[in-house]
Every structure is written in structure tokens, then in C-alpha cells.
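Peer 1: Have a look at the structure that comes next, please.
Chains as they are written, first to last, in the working numbering: chain A, 521 to 682; chain B, 521 to 682.
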């Protein structure tokens with residue numbers, strides 16, 4: 521569990537200043553958007569700070585409204601650091617979609633895309649079938665041209681010698 | 521606000537049994553999945569009961585893990601009754617996708633579908649272009665066949681009379 525609530529952690533740290541004791545989280549000058557909105561002290565160990573900079577408060581407001589801060593923190597903590605930025609981005613995206621469409625959210629978008637995909641597959645199959653027919657007809661026409669061209673040459677040859 | 525917490529509502533209701541006083545929520549025999557998991561008394565006024573029957577506890581467990589019970593309740597309450605079932609279904613769907621893909625969730629599915637759609641559109645455009653070319657070639661071949669067929673008839677006519 522990497523996330524530590526800075527408002528409570530201090531009281532659990534032993535007062536002896538042994539060099540082996542874990543260092544206390546240091547408060548940052550400019551709190552992240554999450555800590556500012558949740559009215560918490562933001563520290564250098566804040567698990568949300570890298571993904572919710574103070575310059576973009578709306579991202580956290582929307583993600584918090586849809587998923588809740590504790591669920592966002594839990595999701596982030598359950599992932600390796602290399603995947604966290606993508607996870608937060610996808611949660612912000614989903615939250616935005618849910619705000620725009622509170623009934624269907626991303627599920628609605630997925631359903632619409634599936635329908636479009638299905639329509640396109642039908643159209644592609646029909647076009648491919650039409651192409652196959654036209655290519656078959658072209659093959660037959662080619663054979664007719666070769667035959668007629670050959671007959672023409674033969675007739676010309678015949679009329680020349682008769 | 522239709523949802524009332526049955527554990528606290530009782531204390532706020534006036535004790536006088538006036539006919540104008542709102543009736544107390546009645547506890548149900550079989551609590552819904554949400555109330556059972558949240559260890560709350562389920563009543564006939566439970567806003568989640570119609571969408572989380574006791575027979576399907578996993579739907580609530582997953583939706584609660586991703587969105588949180590309070591956010592689900594808020595989302596449901598903000599919608600007219602006719603849209604609530606769809607909203608809960610879409611939240612259960614999204615929560616399931618997020619559990620399967622904790623990094624990208626539905627956003628990942630949408631991105632994949634967009635890519636498939638784009639690939640299909642490219643394939644359809646290429647097939648349509650190929651069809652247009654083949655149809656043009658077929659037109660030219662048709663004209664050649666008419667011309668050669670005509671010449672053949674003329675040659676046959678000529679050789680017959682000469």
C-alpha cells in the first residue's frame with residue numbers, strides 16, 4: 521500500500537529519530553488537484569499527485585464524481601507504476617463519457633461502435649461479393665474478346681486467300 | 521432524493537402517528553444484494569433493490585468495487601425511473617470491463633473498436649476502388665465485344681458474297 525494519508529500518518533511514526541525509521545512525508549508547496557479538492561495536505565508521497573496536477577482540477581472533479589477518490593486511489597495502488605498514468609487517463613476518459621451520457625456511458629459508445637462495425641462488415645461483404653461477380657463476368661468477356669478477335673483474323677485471312 | 525438510509529431514517533421521523541405524516545419504510549423479508557453486502561436494513565423504499573436482486577450479488581460487488589455504492593446511488597437518483605435500469609446495467613457492464621482490464625477498461629475497448637472501424641473503412645474504400653476499376657474495364661470489354669462481333673458478322677457477309 522503506497523498511499524499514506526498524510527493527516528494521520530504522522531501520529532503513527534515513532535518519535536525516536538533513528539536513522540532506520542522511515543522518513544516522514546514532506547508537504548509540497550503546491551498541492552495536487554486531488555488533495556486540493558479533497559482538502560487534504562499533499563505530500564511528496566501522494567499517490568495521485570503525478571496524475572492530477574494542480575493545473576487540471578476538472579479531471580479529478582469528474583473522475584471523483586464517477587468513481588470516487590478512494591476507488592481511484594485503490595485502482596492506482598493495485599497497478600505497477602508504469603501502468604498508472606494510462607489507468608488514470610482511461611478513468612478520466614470514462615468519467616467524461618459518463619458525464620455526457622449518464623444512462624449508457626462508455627457502454628453506449630461501445631454498443632454504437634459495434635453497430636457501426638457490423639454495418640461496415642455487411643457493406644464490405646456486399647462490395648466483395650459484387651467485385652467477385654464483376655471479375656467473373658470480366659473473365660468471360662476476356663475469353664469472348666480473344667475468341668472473336670481470333671475469328672476475325674481467321675475470316676480476314678480466309679477472305680484474303682479465297 | 522428518493523434513497524433513504526433505513527438505519528438512520530427512523531430517528532428523524534416524528535413519533536406522532538398523524539395521517540399526514542409520511543409512512544415509515546417497511547423492512548423487506550429478503551434484502552437486495554446491495555443492502556446485504558453493505559450490511560444495511562433493506563426496505564421497500566430501497567433505491568437499489570429493483571436493480572440488484574438478492575439472486576445476483578456479484579453484479580453489485582463488482583459495480584461497488586469500481587464505482588462505489590454512494591456513486592451508484594447518486595447516479596440512480598439523478599435519473600428518471602424509466603432510465604435507471606439501463607444506467608445500472610451499463611455501470612455493471614463497465615465495471616466488469618474494468619475488472620478484466622484494470623488499466624484501460626472501456627476506454628481500451630473503445631480504442632480497439634475505433635481501430636477496427638478505421639481498418640474496415642480502409643478495406644471497404646480499397647474494395648470499392650477496385651470494383652470501380654473492374655467495372656470500367658468491363659465497360660471497355662463490352663464495347664470491344666460489340667465491335668468485334670459486328671466486324672465478324674461483316675466479314676462473314678463479305679466472304680459469303682465475294
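Glycine is no exception: its CB is placed at the ideal position from the N, C-alpha and C atoms. Keep in mind it's a predicted model, so treat the numbers as computed, not measured.
Checking contacts by CB at 8 Å: is residue 599 of chain A closer than that to chain B?
Peer 2: In the first chain, counting from the first residue as 1, residue 599 of chain A sits at position 79. Yes, residue 599 of chain A lies at the interface with chain B (some Cβ there is under 8 Å from its Cβ).
Peer 1: Go to residue 576 of chain B, then tell me how far its alpha helix (DSSP H) extends in each direction, as first and last residue.
Peer 2: Numbered from its first residue, the second chain carries residue 576 of chain B at position 56. Taken as a continuous stretch (DSSP letters only), residue 576 of chain B belongs to no alpha helix (DSSP H), as it is neither H nor E.
Peer 1: In chain order, what residues of the stretch 565-586 of chain A put their CB closer than 7 Å to some CB of chain B?
Peer 2: From the stretch 565-586 of chain A, only 586 have a Cβ closer than 7 Å to chain B.
Peer 1: Among B:628, B:577, B:634, which has the Cα closest to the Cα of residue 554 of chain B?
Peer 2: Position 34 of the second chain, counting from 1, holds the residue named residue 554 of chain B. Ranking the options by Cα distance to residue 554 of chain B, first place goes to B:577.
Peer 1: So for residue 615 of chain B, helix, strand or coil by DSSP?
Peer 2: Within the second chain, the letter at position 95 stands for residue 615 of chain B. The answer is helix: DSSP assigns residue 615 of chain B an H, G or I state.
Peer 1: Report the residues of the stretch 635-649 of chain A with a CB closer than 9 Å to any CB of chain B, ordered along the chain.
Peer 2: Flagged, chain order: 636, 637, 640, 641, 643, 644, 647, 648.
Peer 1: Helix, strand or coil for residue 569 of chain B, going by three-state DSSP, please let me know.
Peer 2: Looking up residue 569 of chain B in the second chain gives position 49. Residue 569 of chain B falls in the coil class under three-state DSSP.
Peer 1: Pick helix, strand or coil for residue 563 of chain B, following the three-state DSSP scheme.
Peer 2: Sequence index remark: in the second chain, residue 563 of chain B carries index 43 (1-based). Strand.
Peer 1: Determine the contact status of residue 606 of chain A and residue 624 of chain B, defining contact as a CB-CB distance below 8 Å.
Peer 2: Position 86 of the first chain, counting from 1, holds the residue named residue 606 of chain A. Position 104 of the second chain, counting from 1, holds the residue named residue 624 of chain B. Cβ distance < 8 Å, so residue 606 of chain A and residue 624 of chain B count as in contact.
Peer 1: Whether or not the stretch 602-618 of chain A and the stretch 633-641 of chain A are in contact is what I'm after, with contact meaning three or more pairs of Cβ atoms, one per stretch, closer than 8 Å; do they touch?
Peer 2: No, the stretch 633-641 of chain A does not touch the stretch 602-618 of chain A.
Peer 1: Does chain A have any CB closer than 8 Å to the CB of residue 558 of chain B?
Peer 2: If you number the second chain from 1, residue 558 of chain B lands on position 38. Not an interface residue.
Peer 1: In chain B, what lies closer than 7 Å to residue 549 of chain A by C-beta?
Peer 2: Translated into positions along the first chain, residue 549 of chain A becomes position 29. None at all; the shortest Cβ gap to chain B is about 31 Å.
Peer 1: Is residue 665 of chain A near residue 651 of chain B, with beta carbons less than 8 Å apart?
Peer 2: By 1-based counting over the first chain, the position of residue 665 of chain A is 145. By 1-based counting over the second chain, the position of residue 651 of chain B is 131. No, the Cβ-Cβ distance between residue 665 of chain A and residue 651 of chain B is not below 8 Å.
Peer 1: Determine the DSSP secondary structure at residue 525 of chain A, reduced to helix, strand or coil.
Peer 2: As a position in the first chain, residue 525 of chain A is number 5, starting the count at 1. Residue placement at residue 525 of chain A is flagged as unreliable, the pLDDT there being 43, under the threshold of 50; the coordinate-derived value follows with that caveat. Correct three-state label for residue 525 of chain A: coil.
Peer 1: Beta-carbon within less than 6 Å of residue 547 of chain B's beta-carbon, same chain only, minus the 5 sequence neighbours each way: which residues are those?
Peer 2: Taking the second chain and counting its residues from 1, one reaches residue 547 of chain B at position 27. Excluding residues within five positions, the ones whose Cβ falls inside 6 Å are 561, 563.
Peer 1: For the ligand HEM, any of its heavy atoms closer than 7 Å to the Cβ of residue 585 of chain B?
Peer 2: Questions concerning the ligand HEM fall outside what the structure shown contains, since it holds no ligand whatsoever.
Peer 1: Cβ of residue 668 of chain B within 8 Å of Cβ of residue 668 of chain A?
Peer 2: Working through the second chain from its first residue, we reach residue 668 of chain B at position 148. Working through the first chain from its first residue, we reach residue 668 of chain A at position 148. Their beta carbons are under 8 Å apart, which means residue 668 of chain B touches residue 668 of chain A by this criterion.
Peer 1: For residue 615 of chain B, which residues in the same chain have their Cβ closer than 6 Å to its Cβ, ignoring the five residues on either side in sequence?
Peer 2: Counting from 1 along the second chain, the entry for residue 615 of chain B is found at position 95. Cβ neighbours of residue 615 of chain B beyond the five flanking positions: 582, 583, 586.
Peer 1: Cβ closer than 7 Å: which chain B residues qualify as neighbours of residue 664 of chain A?
Peer 2: The residue labelled residue 664 of chain A in the question sits at position 144 within the first chain. Simply 665.
Peer 1: Taking C-beta pairs closer than 9 Å, name the residues in chain B that residue 590 of chain A reaches, listed in chain order.
Peer 2: If you number the first chain from 1, residue 590 of chain A lands on position 70. Result: 588.
Peer 1: In or out: residue 515 of chain A buried (at least 16 other Cβ within 10 Å) or exposed?
Peer 2: This structure leaves residue 515 of chain A out entirely; chain A is present only between 521 and 682.
Peer 1: Determine the chain A residues that contact residue 607 of chain B at a beta-carbon separation under 9 Å, and present them in chain order.
Peer 2: Taking the first residue of the second chain as 1, we reach residue 607 of chain B at position 87. The answer, in chain order, is 622, 623, 624, 625.
Peer 1: Applying the 10 Å Cβ sphere with the 16-neighbour rule, what's the burial state of residue 646 of chain B?
Peer 2: Residue numbering aside, residue 646 of chain B sits at position 126 when the second chain is read from its first letter. That one is exposed.
Peer 1: Closest Cβ-Cβ distance between residue 629 of chain B and chain A: below 8 Å?
Peer 2: The sequence position of residue 629 of chain B within the second chain is 109, counting from 1. At least one chain A Cβ lies under 8 Å of residue 629 of chain B.
Peer 1: Assign residue 618 of chain A to one of two classes, buried (16 or more other C-beta atoms within 10 Å of its C-beta) or exposed (fewer than that).
Peer 2: Within the first chain, the letter at position 98 stands for residue 618 of chain A. By the neighbour-count rule (16 or more Cβ atoms within 10 Å), residue 618 of chain A is buried.
Peer 1: Following the continuous alpha helix (DSSP H) through residue 589 of chain A, name the residue where it begins and the one where it ends.
Peer 2: Locating residue 589 of chain A in the first chain gives position 69, where the first residue counts as 1. 589-597 is the extent of the alpha helix (DSSP H) around residue 589 of chain A.
Peer 1: Roughly how far, in whole angstroms, is the beta-carbon of residue 627 of chain A from the beta-carbon of residue 626 of chain B, given that I think they are within contact range, below 8 Å?
Peer 2: Looking up residue 627 of chain A in the first chain gives position 107. Looking up residue 626 of chain B in the second chain gives position 106. Indeed they touch by this definition, with Cβ atoms about 7 Å apart.
Peer 1: Going by DSSP, name the residue or residues bridged to residue 725 of chain B.
Peer 2: No information on residue 725 of chain B is available, as it lies outside the stretch 521 to 682 that chain B covers here.
Peer 1: According to DSSP, simplified to helix, strand and coil, what is residue 623 of chain B?
Peer 2: Sequence index remark: in the second chain, residue 623 of chain B carries index 103 (1-based). Residue 623 of chain B: coil per DSSP, three-state reduction.
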